[in-house]
Every structure is written in structure tokens, then in C-alpha cells.
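Encoded as C-alpha cells, the structure appears first; notes follow it.
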Amino acid sequence: MELVAVDEGQPNLQAITTEQHIEATRKTLVHPDKCHTMIQRVVDERQFDHDSYLQKFGITVDVNEMLWIPGRILSSPEIKYKLSDINQHDIIEGVQIGRWWLNKFFKKVREIRTWTIVLVSQHKPDDQQICLTRDFTQRILQVMSKYGVQFNSSPIEKYDAAILPTILARMDELKMLGCEVIIYILDQVGDEMYNAVKQLAKIKIVSSFNSPTSRSDVFMFFGIGYTHIAFSSERASIAFICGSTDSTNSKYSIRLLKQVVPIGKISYSMIKDFHIYVGELIREFFQHNLRLPNKLVFYQVDLGNESFQTVLDHELKAIEEACQALYGHNQIPRICIVLVKKHHNTRTVIDTDIVLPNCFDFYLNSDASIHVTGKPMLYQVLYNEIGFTSNEIQILTHYLCHTDAQCTKTIAVPRAIYYATDNVVYYINSNYSEPQKIIQEENDAAFSSTRWYTYDDDCDKEQKWLNTETVLDLKSVSYTNPPHQSTNACIQEFIYGESEKLQYVKNENPNSNISNQL
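Plus 473 on top of the position in the sequence shown (first one is 1) and you've got the working numbering.
Shown next as C-alpha cells:
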């Protein structure tokens, strides 16, 4: 027997659990009224109006009240439901402080023909757990019928061990069966398994919003999130590019890119071959809609490492290059680029105005805060070829914050950039959660460019062939199963919707392009 005395206060290099994060948030949360009281108490105690040093510099401080900054409350969108399954009249649900109630029939629903209940547990389920699972299944049918959602078959019942490869194999099996809905019941599986299954569900959710369509304006929204390792040739910079694939802004396609700087080179936070991936996402939009967008709106995370002009010189040029290759002699789409800054340092000290008079920027607090407090995001419009007015871009951004498929409340940023940044965080936590863990990559010229992560090297070479500037016939598409993948690659496959790989067939007519098929 050994007795070990552990000193208190030692740093823990592991990531905290979800429960610890919630508890830390509750402990550190300061409500706005208490924050105002604390600031006012410091001002009263310090007596800035009688400070001799400030008086010598000619500085005066108004200690009576805080600075008033002009702002406005934007109008919220209307949520339309059906009155009942029989009565097809629309009923409008208002949004109140970023929330709305889901208590009516959906305006448009689809019949669920194949669905599954999967019980994931550490141990083999007994008769009582199986009985509770089936009772829960009946309750789901009753609840969903209140919203007009009909399940036209009995569920497929599966019982799996809490092992990630087993869960991924089950997903593959259910996908081959054409399963439309998978409901997971997690029985004491731990935070790691819960977060993994939750992430899979978050990415795979498909919502249905009935946004108005227009024959003249076809918008496509992009979200770009990345993490940049400035001084490392071993850890790759990770970028996610998210693009909408339908006119209702409800479905998205995501690209995961890895970029390692060669030894002896200087790293910069620009996405290499950016035009290739923008072109691929526009192609996917065309496949779903049989029409090309004429207006592209990019929301990009601002890391503050590069100047605005550097972003315009690199990314705007790449976007225009992708559009010229796809649109041919037709009119290329108009472009708008908006930087989103989450970690800005605007706090309690403001000079005269909160925004710069010579810049196109604004703050928007669209998040339905759970803990009363909320931090507004800073949006900076770098390029506005579309011609948005301040009112139009603010309302558009505000409305896009209402389109999250996971909940009936608003989120802090538009969904495109939310998906992109959320995937970056998940990837970093999954791959760099342990101390001293790095990506084991060769630091040669082949890895200096942005690469696909989903497939292995052979498939990556074929992907590079797909990325060459050849003319593609989008009507000639065949699907094949991807090659054998590791568990980590398999996780990315299910998360990012790459479980089936597109193989394009070269068009015999080299002078044609996508625009000729419209």
C-alpha cells in the first residue's frame, strides 16, 4: 500500500468537462445590473472629477452617468405555421427576445418512411431498458403528430455498445438501408461519447424553412472559419468553408482544409487554392437548384492577423477567378464580403462613437442569451459589390441568425459562419486535446498546400485531379464508395457529409461550361 499526497492548485492540462464548463460559467457570470453597480462604485471611490493629474492634462470625466450610445432594435422575422393538419391557413408566430414557440403544425412536412431508435449503453440492455425504449418510441410518435410529422412505419430497433467505431459502423449500415431519421438514446456513456454523437447529429440535421424565392436574385451564403498556427511547421492551420446548397438557406456543404507551412517558410493566414473550393461549392449549389447564384455573400471570421487590403487582394481575387471559370461569358455574380469579429476589445471605454465614421461596420447582438448577458458581434463590410445599404445588411444578418435548425431561438452569428467555426472548434478539440499532440505530417512540398482530410493519399491524388481546371459535365455524375479509411477519417466522413465521393466525367466539348446547361 502506498500513500500519495497531491498538492492542491496544480494546473490540469486536459480539457474541462461540460459540467465543469457550465459550473465555471455560473461562477464567473456577472449580470449587467451588477456590473453597472460595480463600475459606478469604482467611479465614486476614485473621484475622477477631483483628480489633480487629470485636471493638469485638461481631462474631465462625467461621473453622473455612463455614455449613451445610439442604437436601435431590429424587426424580427415572422415564423409561419399551419393552424392544423386539416386547416391549411397560415398562422404567424412572433419572435420575442430571440425566441419563439414551437406549438403549431409545420407549414411543410415530409413523411418519414424509415427511421431508427438506437440505444447506446455501456452494458447489454436488460428487459426493463428495452421496455422503456419502446415506451419512449410511442411517446415520440404522439408528440410529433402534434406538429404534423407522420412516421409511416415502425422503427428499426438497435442496441449498441458505447464504442465509437461500433456507432460509426451502425450509421453506415442505417445509411445503406435508406434511414431518414436516427434517434439516439445515450445511457450513461460519458461526455466524450455524448459530444461525438451530438456533433454528428448537429452536422447532419436538415431543416426546412420556407424562405421566399426570387426569379431575379439567387443568393448563396458562405461561412469561413479557421484557426491559424503562426509559428509552427508541425501543427496545421485548419479552415472550414461552408456554403449553402439551396435557395432557402437551410442546407449546407462543408469543406475541411489543412495547411502546413514548409520548414523555412513564413506562415500567413490565407487559404491556398481558395478559388478551387469556392468553385466546388458553387457547383454543388447548381446541382441542387439547376441554376447558378447571382449574388454571393461571404461571412468570414476575423483573426486580426492580416490587413483588410490583404484579404481583399487574395480572397476577392480568388472568388472572382472561380466565378469566371464557372460562368463563362455570362454575367458573374455580385459579391459581398463581411468580416465577423467575435473577440473584439470594445468594452466600457469608448471615445465618441462605437463605430468608425469612415468604415462600413456595425455591432449586432442577436443572440438569445441563456444567462441574461450577451456580447455583440462586430461586423465589418469590406467589399459591397451587391450594394447593400446599412439597413439591408443589418437586417439580412439579423434574419440569418434565426435559421439555426437545432433550436427555436436566435444565435450569435449567421448560421453559415456558425457551422464553420463550430466545426473548427470540434476539430481542434478532437485532435489537439492531449498535451504535446501534433499532426504527424511530412514537411515536404506536397503538404504545403491545402488538402482534403476525408480520404487517404490515393484518394487525395484523385481529388487533385478533380480540382484541375478541366470542364466538368455536371449531368454525368457517378457515385462510388470511398476507399478504406481509418477511424478518424471515418468520423470526418460522417460529420462532413463526404461518405459518398463524386467522380465527375470529363465533358467531350471543352468549350462548354456550367452556364451552357441552364
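We put the CB at the ideal spot given by N, CA and C, even for glycine.
Note that this is a predicted model, so its numbers are computed, not measured.
- Task: May I ask which residues mark the beginning and end of the beta strand (DSSP E) holding Ala642?
- Result: As a first step, residue 642 must be located in the sequence shown, where it is residue number 169. Here Ala642 belongs to no beta strand (DSSP E); instead the alpha helix (DSSP H) covers 637-649.
- Query: Can you name the start and end residues of the alpha helix (DSSP H) that Arg519 belongs to?
  - Reply: Counting from 1 along the sequence shown, the entry for residue 519 is found at position 46. Looking at the DSSP string, the run of the alpha helix (DSSP H) that includes Arg519 is 505-519.
- Task: Grab me the residues of Gly651's own chain with a C-beta within less than 7 Å of its C-beta, minus the 5 sequence neighbours each way, in chain order.
- Result: One-based indexing of the sequence shown puts residue 651 at position 178. If we look at Gly651 and ignore the five residues flanking it on each side, its Cβ neighbours are Thr587.
- Query: When you compare only the Cα positions, how much space is there between Tyr891 and Met474?
  - Reply: Walking along the sequence shown from the start, residue 891 turns up at place 418. Walking along the sequence shown from the start, residue 474 turns up at place 1. C-alpha separation (whole angstroms): 52 Å.
- Query: Which term fits Pro766, buried or exposed, when burial requires 16 or more other beta carbons within 10 angstroms of its beta carbon?
  - Reply: As a working note, residue 766 is residue 293 in the sequence shown. Classification for Pro766: buried.
- Are Pro885 and Tyr725 closer than 8 Å when you measure CB to CB? Within the sequence shown, the letter at position 412 stands for residue 885. Within the sequence shown, the letter at position 252 stands for residue 725. This sequence places Ala at residue 885; Pro is not what is there. No, the pair does not count as a contact, with Cβ atoms beyond the cut-off.
- Along the beta strand (DSSP E) that carries Tyr725, what are the first and last residues, could you check? Walking along the sequence shown from the start, residue 725 turns up at place 252. Unbroken beta strand (DSSP E) run through Tyr725: 725-732.
- Hey, is the region 832-840 in contact with the region 785-802, meaning 3+ C-beta pairs nearer than 8 Å? no
- Query: To the nearest angstrom, how far is it from the Cα of Asp690 to the Cα of Lys768?
  - Reply: Looking up residue 690 in the sequence shown gives position 217. Looking up residue 768 in the sequence shown gives position 295. So the two alpha carbons sit approximately 7 Å from each other.
- Message: Measuring alpha carbon to alpha carbon, tell me which residue in Pro849, Tyr872, Leu476, Ile792 is nearest Val813.
- Response: To locate residue 813, count along the sequence shown from 1; it is residue 340. Taking only the C-alpha atoms, the option nearest Val813 is Pro849.
- Query: Would you report the Cα separation of Glu566 and Met743, rounded to the nearest angstrom?
  - Reply: Here residue 566 refers to the residue found at position 93 of the sequence shown. Here residue 743 refers to the residue found at position 270 of the sequence shown. Computed Cα separation, rounded: 43 Å.
- Query: Should Gly698 go down as buried or exposed, given a rule of 16 or more other Cβ atoms within 10 Å for buried?
  - Reply: Taking the first residue of the sequence shown as 1, we reach residue 698 at position 225. Classification of Gly698: buried, given that the 10 Å Cβ count is 16 or more.
- Give the DSSP-derived three-state secondary structure of Phe781 in the structure shown. Reading the sequence shown from its first residue, position 308 is the one you call residue 781. Phe781: helix per DSSP, three-state reduction.
- Task: Using the Cα positions of Lys790 and Ile805, report the straight-line distance between them to the nearest angstrom.
- Result: To locate residue 790, count along the sequence shown from 1; it is residue 317. To locate residue 805, count along the sequence shown from 1; it is residue 332. Taking the straight line joining both Cα atoms gives about 13 Å.
- Could you check which residue in Thr881, Ala893, Val751, Lys555 has the C-alpha nearest to that of Gln569? As a first step, residue 569 is located in the sequence shown; it is residue number 96 there, counting from the start. Per the Cα distances, Thr881.
- Item | Burial state of Tyr952 (16 or more Cβ within 10 Å) | Sequence index remark: in the sequence shown, residue 952 carries index 479 (1-based). With a pLDDT of 27 at Tyr952, under the threshold of 50, the modelled position of that residue is not reliable, and the figure given next carries that caveat. Looking at its Cβ environment, which holds fewer than 16 other Cβ atoms inside 10 Å, Tyr952 is exposed.
- Per DSSP, which residues does Tyr800 bridge with? Please list them. Here residue 800 corresponds to residue number 327 of the sequence shown, with the count starting at 1. Tyr800 is not bridged to any residue.
- Task: Specify the secondary structure class of Thr606 as computed by DSSP and reduced to three states.
- Result: As a first step, residue 606 must be located in the sequence shown, where it is residue number 133. Helix at Thr606.
- Message: Since Tyr772 and Val828 should fall inside the 8 Å C-beta cutoff, what is the C-beta to C-beta distance between them, to a whole number of angstroms?
- Response: Taking the sequence shown and counting its residues from 1, one reaches residue 772 at position 299. Taking the sequence shown and counting its residues from 1, one reaches residue 828 at position 355. With 8 Å as the limit, Tyr772 and Val828 do not qualify as a contact, their Cβ atoms being about 18 Å apart.
- Message: Three or more C-beta pairs under 8 Å: does that hold for the region 858-873 against the region 602-611?
- Response: no
- Taking DSSP as the reference, what is the three-state secondary structure of Ala889? Position 416 of the sequence shown, counted from the first residue, corresponds to residue 889. Looking at Ala889 - three-state DSSP - the assignment turns out to be helix.
- What is the rounded straight-line gap between the Cα of Met511 and the Cα of Lys529? Here the question's residue 511 lines up with position 38 in the sequence shown. Here the question's residue 529 lines up with position 56 in the sequence shown. Cα to Cα, the separation comes out at about 27 Å.
- When the Cα atoms are used, what is the spatial distance from Lys815 to Arg519? Taking the first residue of the sequence shown as position 1, residue 815 is located at position 342. Taking the first residue of the sequence shown as position 1, residue 519 is located at position 46. Approximately 32 Å between the Cα atoms of the pair.
- Message: Need the endpoints of the alpha helix (DSSP H) that Gly752 sits in, please.
- Response: Position 279 of the sequence shown holds residue 752. It spans 747-762 - the alpha helix (DSSP H) in which Gly752 sits, taken as one unbroken run.
- Message: Runs of 3 residues minimum, wholly inside the region 527-607: which ones carry the beta strand (DSSP E) assignment?
- Response: 552-555, 563-566, 588-594
- Query: Glu865 and Arg807: beta carbons closer than 8 Å?
  - Reply: Residue numbering aside, residue 865 sits at position 392 when the sequence shown is read from its first letter. Residue numbering aside, residue 807 sits at position 334 when the sequence shown is read from its first letter. No. Outside cutoff.
- Query: In the structure shown, what three-state DSSP assignment does Asn857 receive?
  - Reply: What you label residue 857 is simply residue 384 of the sequence shown in a count that begins at 1. In the structure shown, Asn857 sits in a strand (DSSP, three-state: E or B).
- Nearest to Glu646 (by Cα), restricted to the options Gln782, His523, Phe833, Val591: Start at 1 with the first residue of the sequence shown, and residue 646 comes out as number 173. Comparing Cα positions, the closest option is Val591.
- Query: Is the distance from the Cβ of Val593 to the Cβ of Asp517 below 8 Å?
  - Reply: What you label residue 593 is simply residue 120 of the sequence shown in a count that begins at 1. What you label residue 517 is simply residue 44 of the sequence shown in a count that begins at 1. It is not a contact, given that the beta carbons lie outside the stated cut-off.
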